[in-house]
Amino acid sequence: MIEVTYMLSPTTSYIIHTAASNVISENLIQDKRINPHFNNVILSIHSYVDKIRKRALEVMKDDESPIATFCKYSASIERTYSVLQAYSKGYFDMICRNIKTDIVLVTCWNSFSLPFIKFLLEHNKKVVIGGVLCNSYEFSHIRESLIDIGLNPSLLDNLIIVKGYVDVTTDLYKIIMDWKDTEIKENDFSTIWHCRSDYIKDNLNIFRAFKQRPIWYTVVFDNSCWYNKCTFCNIDHAKRKNFIKNIEVDELINELLLNLKEYQTDLLFINDPYFIFTPRNKYILNKLKENGIKTAIQTGINLLRNKKYLKNINNYIDELRIGLESCSDFALSYINKGYDWNGVIESINMMRDELSSDVMLRYLYIMDLAETSKDSVLQNYNRMVQVKEMLVEKRFDFAFFPRNLHMFKDIDIQETTKYIKLSENSDRVSGIWKVYNYLEKHGFEVNVPEDIVLPYERCDEYGDFLPSDYEIISNDVMKEIVN
Ligand code: SF4
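Start counting the sequence shown at -17; every next residue gets the next number (the numbering used here).
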């Protein structure tokens, strides 16, 4: 029997990713050749994040700047705080001390995880990684990235990278024994819905107590995106996986209801990149609704211009998480989003006419995208306020979720463009480094490696320096955006 530890990467474990932890826990527990240990980093990250947020409120209480408002009040700042906590001094040590096995399996979502993987390898662990990071990049690219951040190449022999998806039948024991990079190509996704062994569940009550927020049980039915063209999106949605195809629909519904009960929640988030109302999906949603389940989906502006689509939302959905990203024609075209401001307005008018105001609206947008001028930035935010006003007027429960642009080394927004270039000047940076630098100035520990998230600065249409959105918009506008 082999002893292994399974964990989510501490650098990206802010969200409770029930799909990964549930299936992998079940797989390992069912395999009699494996003795699994589970490392619950989520709980400690969350309790620290809570403390960081309280400290930010204290330290910045007299600061009325837009960036202080963002750091104090935005819902999405907690993700930033969780990354800072994961990279804080001694944190990787603490996690590593709690790992009692030589072999460690880690689910990684993005390049933030690489320093932790390096740390484990440098502490004599044999590491198996999987997850979105591995599905997004070539094996060689991930290995080279680890060397780029200083890993001794000889330690790469202690790493294997696994692409694809784990289900209950996946032979993880064989993958570990073979010890070579591999891609899981055969799956029986009908098995993933029967999993009950998520180790995270054991701590949900504690989690609930200090977060005082509802828990959304999160699933993915279909991971493809019909659009698949946004330049900041590193997931190749063309490699479509339909996770519900091979399970009998009533069986799926029963399993979902059982799991929701186990997680003590009546909230289901279907995390498909672009949820579509197929007859099968409608049947599932209807049954869930009959059982008192509230459902949230992700969607986009283009779909929200369709009357029939909005009717389906009225019938089945309680919350929409809408990837707006920007209201600037230039920024939208720069990231190849497939619509412009007129499209946004069209969708809002359609929603005002057709959508029930019982549906909660959560708009996600990205701060510090490429822009042509200060005026264009101001216009973008005025338009966002307009979006909010138009929907609030119709009594929608509305919120924005601002996120900062993270320029991971690998995404298509590269320094070669006219509008965004790498920066070595901390006074000029935009995006997430603007926030990191601000927090550092206020005494927060920031150890995020610059070769993982690249500091960048913006240039306007004349090639002159363009400051961050935080320095262009007013605090009143920022308050509208984060509240
Ligand atoms: S619409 Fe969403 S999922 Fe699809 S490519 Fe764009 S960002 Fe990615």
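The beta-carbon is built from N, C-alpha and C at its ideal position, and this holds for glycine as well. It should be emphasised that the depicted structure is a prediction, and the values quoted were computed from it without experimental measurement.
Per DSSP, the beta bridge partners of C441 are F447. Proximity to I258 across I235, K293, I275 and L240 peaks at K293, based on C-alpha coordinates. In the DSSP assignment, F251 falls outside any alpha helix (DSSP H) and lies within the beta strand (DSSP E) extending over L249 to I252. For the options E432, G425 and T(-6), the alpha carbon positioned closest to that of S408 is the one of E432.
E453 and L240 have their C-alpha atoms spaced approximately 49 Å apart. Of the candidates W208, T151, T152 and D248, the residue whose Cα lies closest to the Cα of I197 is D248. With contacts defined by Cβ atoms closer than 7 Å, V231 and I283 do not form a contacting pair. Ranked by how close their Cα comes to the Cα of K461, the residues C177, E40, R15 and A57 have A57 in first place.
Residue pairing by DSSP puts G112 in a beta bridge opposite T89.
Shown here for K356: same chain residues with a beta carbon closer than 8 Å to its own, the five before and five after excluded, namely D442, L448, P449 and I454 in chain order.
By the neighbour-count criterion, in which a residue is buried when 16 or more other Cβ atoms sit within 10 angstroms of its Cβ, L96 is buried.
For I197, there is no enclosing alpha helix (DSSP H), as DSSP gives it neither H nor E. In this structure, the beta-carbon distance from T(-7) to F101 does not fall below 7 Å. 7 Å or more divides the Cβ of E(-15) from the Cβ of N9.
Excluding the 5 residues flanking it on each side, I275 has same chain C-beta neighbours closer than 6 Å at D248 and L250, in chain order.
Around the beta-carbon of W208, fewer than 16 other beta-carbon atoms lie within 10 Å, marking it exposed. M(-11) sits in a strand when the DSSP states are folded into three classes. Put simply, of Y444, K71 and I6 the residue whose alpha carbon is nearest the alpha carbon of T152 is I6. By the neighbour-count definition (other C-beta atoms within 10 Å, threshold 16), R440 is a buried residue.
For H123, the enclosing alpha helix (DSSP H) has its first and last residue at F121 to D130.
The segment 407 to 425 makes contact with the segment 383 to 392: 3 or more CB pairs, one atom from each, lie closer than 8 Å. Rounded to whole angstroms, the Cβ separation of C90 and S179 is 21 Å, and the two are not in contact under 8 Å. Put simply, of R303, I402, V435 and M(-11) the residue whose alpha carbon is nearest the alpha carbon of I111 is M(-11). P255 counts as buried, since no fewer than 16 other beta carbons sit within 10 angstroms of its beta carbon. Across the structure, Y63 and C78 are spaced so that their CA atoms are roughly 21 Å apart. Short of 7 Å from the beta carbon of I11, and not among the five residues preceding or following it, lie these beta carbons of its own chain, in chain order: P18 and S179. In this structure M333 is buried. Its beta-carbon is surrounded by 16 or more other beta-carbon atoms within 10 angstroms. Residue state for A38 is assigned as helix, using DSSP reduced to three classes. Distances from the CB of G305 to the heavy atoms of the ligand SF4 include at least one below 6 Å.
Counted as a single uninterrupted DSSP element, the alpha helix (DSSP H) harbouring G325 occupies residues W323 to E336. Within the segment 252 to 332, the complete alpha helix (DSSP H) segments of 4 residues or longer fall at 261 to 272, 289 to 298 and 311 to 316, listed in chain order.
Where N362 is concerned, the enclosing alpha helix (DSSP H) starts and stops at K356 to V374. Boundaries of the beta strand (DSSP E) harbouring Y347: M342 to M349, taken from the DSSP string. Listed in chain order, the non-local C-beta contacts of W323 below 8 Å within the same chain comprise C309, S310, D311, L314 and R365, local neighbours out to five positions each way being set aside.
Judged by DSSP in its simplified three-state form, A381 adopts strand. Relative to N318, the option among R287, L337, L267 and L351 whose CA is nearest is L351.
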